[in-house]
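Here is the structure we will look at, set down as structure tokens.
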Amino acid sequence: MNTVTSALSAVGLGDVPAWLRPFKVLSNGEQFRAGLARLICEAPDKVVIDEFTSVVDRQIAKIGASAFSQAWRKTKGKQIVLLSCHYDIVEWLQPDWVYDTR
């Protein structure tokens, strides 16, 4: 349970009442952050996420991306590819590399 609550808090979803609501009634931002927390808990070896941060406003994107980056790095070298049309996330994520198709 500590792992789950730590992951939820790490991505900015530390609101206990939100934890008690069904996923489908959470806001887009809350669903986004819950999904990030789930990834942190599951820590799969390889992950690809398309449209990373595209379904949330830029403030939530910044909070989620920054928090996720810090938490994901603690998974010690797991491979993740985040695809997005938003360039602002590069600063927030501080990735090891960026592939730009412009």
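Per our numbering, residue 409 is the first one in the sequence shown, and the count goes up by one each step.
Just so you know, even glycine gets a beta-carbon here, dropped at the ideal spot from N, CA and C.
Quick caveat, the model's predicted, so the values are computed rather than measured.
With distances taken between CA atoms, T461 lies nearest to L444 out of A451, L444, A426, V424. In the structure shown, V424 adopts helical secondary structure according to DSSP, grouped into three states. The beta-bridge partner set that DSSP reports for Q487 consists of K454. Distance from the CA of Q502 to the CA of S474, rounded to the nearest whole angstrom, comes to 8 Å. Per DSSP, R466 is one residue of the alpha helix (DSSP H) stretching across 466-481.
V456 places its beta carbon less than 7 Å from that of V489.
Straight-line spacing of the CA atoms in S417 and R441 works out to 9 Å. Non-local beta-carbon contacts of A426 in its own chain, meaning distances under 7 Å to residues more than five positions away in sequence, involve L434, E438 in chain order. Closest by C-alpha distance to E450, out of F431, W480, D496, V498, is W480. Nearest in C-alpha terms to Y495, of all of K484, Q487, A469, is A469.
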